[in-house]
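Under mature numbering (1 follows the signal peptide of the UniProt record, and there is no 0), the residues of the sequence shown are numbered -20 to -1, 1 to 340, in order.
Cβ atoms here follow ideal geometry from the backbone N, Cα and C, with glycine treated the same way.
Worksheet: the structure to be examined is printed underneath.
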Amino acid sequence: MDIFPLLVLLLTCRIQVAGAQVKLSPETLTVLRGEEARFTCSTTTNQWTVIVWLLNGTATLTISKMHGVLPSTNPNVTAEEIPTSKGDSWVFVLKSTQSHNQGQVTCDLQGIDRKTANLYVQEKGSVEVFGDDKLAFKGQLVLFECQAAGWFPKPTLQWQVNDKKVNQGEYNITSEESGKSFFTVTSNLSVTAAKSSYVDCLASVSALPTPLKSSVRLTVVAEVMQEEDDCTVLLAVTSCLSALLLLLLLCICTVLCYRRRRQAKPGPQEAIRFDQSVSGRNSVAEATGGKVNLAYSSEGPTDQVNSEFITGTRSQMDFVSFHKVPDVTCSGNQSLHRESKAQVCLAEENPKNVRRITTV
């Protein structure tokens, strides 16, 4: 009778242990070589005593519930306890993953349960577009070659022109595997030169957050020539406008100077009239043997200069009063006086004008 209760107790404990759950996350992890890999193992029971971590079936690290993480012969691994789990959850840390670490990672709760996850290690290589920046004429076909070397697994290769993806049907891809299980991928792209652009070649694997990129610049010569032509046309237009403005200013200055000279000097007709007036006076003076009276004013229109001169002369003689007398022209001739002893006097009455010729 004493054995039966003991059997019941042992059966109950086994049922509790069998009902315990072990969880390992993530189930699959992919990292780049040299990066850190972390797996979390947790259990719903506190009846465990030892957790053993295995890499590809080989025990790598041991954790004791009583003593914690035990010393390991592999310095590249360690474990961290999750504070909120009360000792029932541990993180297995692989500090720097290498290619030989790829495989299965196992969390084994001794005597209770075990879980296994998969670890993948990828290799990041290099990418390069061969050649320097290219120069081409508009419409010319330009060939670009890109190579991604030293990758594992085989990388994905992609072309971009001015940050726009090129259709995969427009370029070819060839790949080869080297002796160390690394892949080299080569691709050729033909671009018709339409405008200056940046041509990018991108290579990536799933563990790489951002693809590696190599870029070159394609410069289209026609664009440079067009820019120079635009500058030349602009300079030519500016020069023409400047010349027209300068010519207009010269014309305006010439007209103004001509008008000033014309106002300052008498015209040809006025000069002729003045000369005729003076010559008439001189002829009369010579005929009578006298001198020209500068105060004389002829009938008819006169120029502005003569008018001002006569006005000024008359203003100086305002205090003298003259009687209106008829014009008298007297001439004396000794020969006629001897023969006829007569004197001829011609008189013409004109009450409006007073003319005086003085013979000396």
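Only exposed fits Lys145, as fewer than 16 other CB atoms lie within 10 angstroms of its CB. Contact check for Lys114 against Leu198 passes: the beta carbons are separated by less than 8 Å.
Minimum Cα-Cα distance from His80 among the listed residues Val101, Leu227, Gln90, Leu50 corresponds to Val101. The DSSP assignment places no complete run of the alpha helix (DSSP H) inside the region 19 to 58 (cut-off: 4 residues).
Going by beta carbons, Gln127 and Glu103 fall outside the 8 Å limit. In this structure, the alpha-carbon of Val171 lies about 19 Å from that of Thr154. Contact check between the region 84 to 91 and the region 31 to 43: three or more CB pairs, one atom from each, fall below 8 Å, which counts as touching. Under the three-state reduction of DSSP output, Ile232 falls in the helix class.
Taking one beta carbon from each stretch, the region 5 to 13 and the region 44 to 53 have fewer than 3 pairs nearer than 8 Å; the two do not touch. Judged by DSSP secondary structure, Phe72 falls within the beta strand (DSSP E) whose first and last residues are 69 to 74. Its Cα nearest to that of Phe162, the residue Ser106 stands out among Ser106, Leu123, Phe124. Linking Thr20 to Lys175 through their CA atoms gives a straight-line distance of about 54 Å. With contacts defined by Cβ atoms closer than 8 Å, Asp180 and Ser195 form a contacting pair. The beta carbon of Asn56 lies closer than 7 Å to those of Leu74, Lys75, Ser76 in the same chain, with the five residues before and after it left out. By the 16-neighbour rule on beta-carbons within 10 angstroms, Leu228 is exposed. Separation of Lys134 and Glu156 (C-alpha to C-alpha, rounded to the nearest whole angstrom) is 9 Å. Annotation: the continuous beta strand (DSSP E) that includes Phe163 extends over 163 to 172.
Between the C-alpha atoms of Phe117 and Leu221 there is a straight-line separation of about 34 Å.
Proximity to Thr24 across Ser186, Val235, Ala202, Lys3 peaks at Lys3, based on C-alpha coordinates. Glu15: not part of any beta strand (DSSP E); DSSP gives it neither H nor E. Burial state of Ser219 is exposed, judged by a 10 Å Cβ sphere holding fewer than 16 other Cβ atoms.
Contact between Thr40 and Asn54 is confirmed by a C-beta separation of about 5 Å, below the 8 Å threshold. In the DSSP assignment, Leu188 falls outside any beta strand (DSSP E) and carries neither an H nor an E. Asn142 carries a coil assignment under DSSP once its states are collapsed to helix, strand and coil. The bridge partners DSSP lists for Gln127 are Glu108, Thr166. From the listed residues Lys45, Glu60, Glu150, Gln27, the smallest Cα separation to Ile92 is found for Gln27. Rounded to whole angstroms, Ser22 and Lys160 show a C-alpha spacing of 37 Å. Spanning the alpha carbons of Asp112 and Gly37 requires a straight line of approximately 50 Å. In this structure, Gln120 lies away from Ala187, with their beta-carbon atoms at least 8 Å apart.
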